[in-house]
Amino acid sequence: MTEAIPVHFFARQPAADELIDRFGRKLTYLRISVTDRCNMRCDYCRPAPDAYKAEPHTQILRYEEIERIVRVAAGLGVTKLRLTGGEPLVRRDFPLLVEKLANIPGIIDLSMTTNATLLGKYAHDLALAGLGRINISIDSLNSLRFRKLTGGELAPVLAGIEAAKAAGLLPIKLNTVLMRGINAGDEHSEVAELIDFAAANHATIRFIELMPMKQGMDWEQHYISIDEVLQRDDVRARVDVDASLETGNTAARYLPLKNGSGEVGFIMPMSERFCEGCNRLRLTSDGGLRSCLPADHQLNLRDLIRSGGSDEDISAVFLRSAMIKPEIGLYDFDAGSQKRSMIHIGG
Ligand code: SAM
Numbered sequence: 019m020t021e022a023i024p025v026h027f028f029a030r031q032p033a034a035d036e037l038i039d040r041f042g043r044k045l046t047y048l049r050i051s052v053t054d055r056c057n058m059r060c061d062y063c064r065p066a067p068d069a070y071k072a073e074p075h076t077q078i079l080r081y082e083e084i085e086r087i088v089r090v091a092a093g094l095g096v097t098k099l100r101l102t103g104g105e106p107l108v109r110r111d112f113p114l115l116v117e118k119l120a121n122i123p124g125i126i127d128l129s130m131t132t133n134a135t136l137l138g139k140y141a142h143d144l145a146l147a148g149l150g151r152i153n154i155s156i157d158s159l160n161s162l163r164f165r166k167l168t169g170g171e172l173a174p175v176l177a178g179i180e181a182a183k184a185a186g187l188l189p190i191k192l193n194t195v196l197m198r199g200i201n202a203g204d205e206h207s208e209v210a211e212l213i214d215f216a217a218a219n220h221a222t223i224r225f226i227e228l229m230p231m232k233q234g235m236d237w238e239q240h241y242i243s244i245d246e247v248l249q250r251d252d253v254r255a256r257v258d259v260d261a262s263l264e265t266g267n268t269a270a271r272y273l274p275l276k277n278g279s280g281e282v283g284f285i286m287p288m289s290e291r292f293c294e295g296c297n298r299l300r301l302t303s304d305g306g307l308r309s310c311l312p313a314d315h316q317l318n319l320r321d322l323i324r325s326g327g328s329d330e331d332i333s334a335v336f337l338r339s340a341m342i343k344p345e346i347g348l349y350d351f352d353a354g355s356q357k358r359s360m361i362h363i364g365g
């Protein structure tokens with residue numbers, strides 16, 4: 019649901035220069051989906067073709083609009099940005115956006131999440147434009163399996179990882195969504211292999227529990243908990259599962275590798291909510307401001323801006339979004355309940 023913003027709302031907002039929600043969480047991290055288009059079609063992310071229609075270009079925020087929103091957000095204490103999608107690199111002139119955002123005072127951490135297929139072409143430009151770090155999604159090292167799951171090819175992803183290393187976009191983080199029967203569970207598990215692959219590439223890998231974004235794949239059939247993955251002998255041979263999980267203000271918990279070569283991250287949105295330390299807001303590709311991933315509620319910044327809204331008005335919407343951020347993000351398991359998929363919201 020996108021909420022239209024009543025005119026009288028703006029007059030009632032208290033002056034404030036930072037975003038603190040009703041539970042005392044300081045919101046300093048904005049994740050921005052720059053497009054709902056993608057050159058892959060991962061089962062767990064993209065809705066079925068008949069349920070998915072890309073937004074017309076006119077409905078997507080222009081770069082100047084994103085830049086303006088980020089300037090206002092930075093004035094409210096946002097320091098960290100992650101650009102995502104859809105696939106950010108399919109948007110034309112994406113490094114130009116990176117350059118604009120990297121130069122905004124107050125933004126000290128600018129990163130992106132990508133499937134890496136186009137990094138061979140853009141990694142160098144992105145580093146020059148001021149991108150700090152990169153997260154790369156890779157769910158399988160088996161090219162047939164990779165193609166079946168994503169509709170794309172593994173080889174350009176591997177080339178993209180090399181290009182990111184060569185461009186100095188470090189430290190690289192790899193993200194793997196765990197799916198029973200595909201890359202996890204019994205004979206399908208690629209967890210150990212992916213850990214070794216990450217170590218060989220001096221990257222940190224994070225395994226993510228599958229979330230029920232409804233238009234995607236059958237969640238119940240494919241969900242596997244991190245706890246179950248950590249019971250595997252080939253995982254325990256590599257990961258010090260007895261070390262205490264490092265906690266902090268991030269979604270991931272980290273365990274050390276036994277050979278001392280680094281650590282492995284685990285993101286457990288389903289089995290262990292990390293809402294308590296959540297410092298995030300999200301801007302959708304069509305200008306919706308969301309304060310919680312699973313809560314299907316957003317405020318419409320695009321229409322506000324296009325109808326002449328001032329920076330103070332934008333600021334007030336950020337404050338309102340912080341105020342309505344739920345204490346805990348709850349996933350709705352009823353079929354059809356999740357109206358927007360990851361491709362719209364930005365993962
Ligand atoms: N196209 C880019 C990519 O592939 O990384 C950025 C967008 S993608 C939506 C961002 C992240 O969301 C990816 O790491 C993806 O694995 C994760 N993601 C998408 N749907 C998910 C789901 N249902 N459960 C868990 N993670 C999901």
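Start counting at 1 in the sequence shown, then tack on 18, and there's your number in the numbering used here. Built from N, CA and C at the ideal position, the CB exists for glycine as well. Quick caveat: nothing in here was measured; it's all calculated off a predicted structure.
Check, Outcome
"Contacts around Ala33, its chain only, beta-carbon distance under 8 angstroms, and the 5 residues preceding and following it disregarded", "With a pLDDT of only 45 at Ala33, under 50, the local geometry of the prediction cannot be trusted, and the value read off the model is given with reservation. Counting only Cβ-Cβ distances below 8 angstroms, and skipping sequence neighbours, we find nothing."
"According to DSSP, residues forming a beta bridge with Arg100", "Arg49, Ser129"
"4-residue-minimum alpha helix (DSSP H) runs that sit fully inside the segment 134-182, ordered along the chain", "137-147, 161-168"
"Exposure of Leu137, with buried meaning 16 or more beta-carbon neighbours within 10 Å", "buried"
"Tyr272 in three-state terms, based on DSSP", "strand"
"For Gly326 and Ile179, the rounded distance between their alpha carbons", "42 angstroms"
"Of the listed residues Ala202, Phe292, Ala218, nearest to Gln249 (C-alpha basis)", "Ala202"
"For Val259, three-class secondary structure by DSSP", "coil"
"Integer Cβ distance of Arg300 from Leu311, believed to fall under 8 angstroms", "7 angstroms"
"Pairwise C-alpha distance: Ala218 and Ser279", "9 angstroms"
"Cutoff 7 angstroms; reference Glu36; Cβ partners in own chain excluding five residues on either side", "Lys44, Leu94, Gly95"
"Burial state of His75, where buried means 16 or more other Cβ atoms lie within 10 Å", "exposed"
"Option in Met341, Arg224, Gly148, Met197 with minimal Cα separation from Tyr62", "Met197"
"Beta-carbon contacts of Pro24 that lie in its chain and below 8 angstroms, excluding the five residues immediately before and after", "Note that Pro24 scores 49 on pLDDT, short of 50, meaning its location in the model is unreliable and no value can be drawn from it."
"Contact check, Leu187 vs Ala134, beta carbons under 8 angstroms", "no"
"Span of the alpha helix (DSSP H) around Leu114", "112-120"
"Opposing strand residues paired with Thr222 [DSSP bridges]", "Lys191"
"Residue from Asn57, Glu82, Arg338, Gly42 whose Cα sits closest to the Cα of Leu107", "Asn57"
"Neighbour-count burial assignment, Arg30, 16 or more Cβ in a 10 Å radius", "Interpretation of Arg30 is limited by its pLDDT of 41, a score under 50 that renders its predicted location unreliable; no figure is taken from the coordinates."
"C-alpha gap between Met286 and Glu238, whole angstroms", "16 angstroms"
"For Ile285, three-class secondary structure by DSSP", "strand"
"Spatially closest choice to Phe292 from Asp111, Leu348, Arg80, by CA coordinates", "Leu348"
"Gly42, buried or exposed, once every other Cβ within 10 Å from all chains shown has been counted against 16", "exposed"
"Near the ligand SAM: Ser289 beta-carbon under 7 angstroms from a heavy atom", "no"
"Check: Tyr140 C-beta below 7 angstroms from any heavy atom of the ligand SAM", "no"
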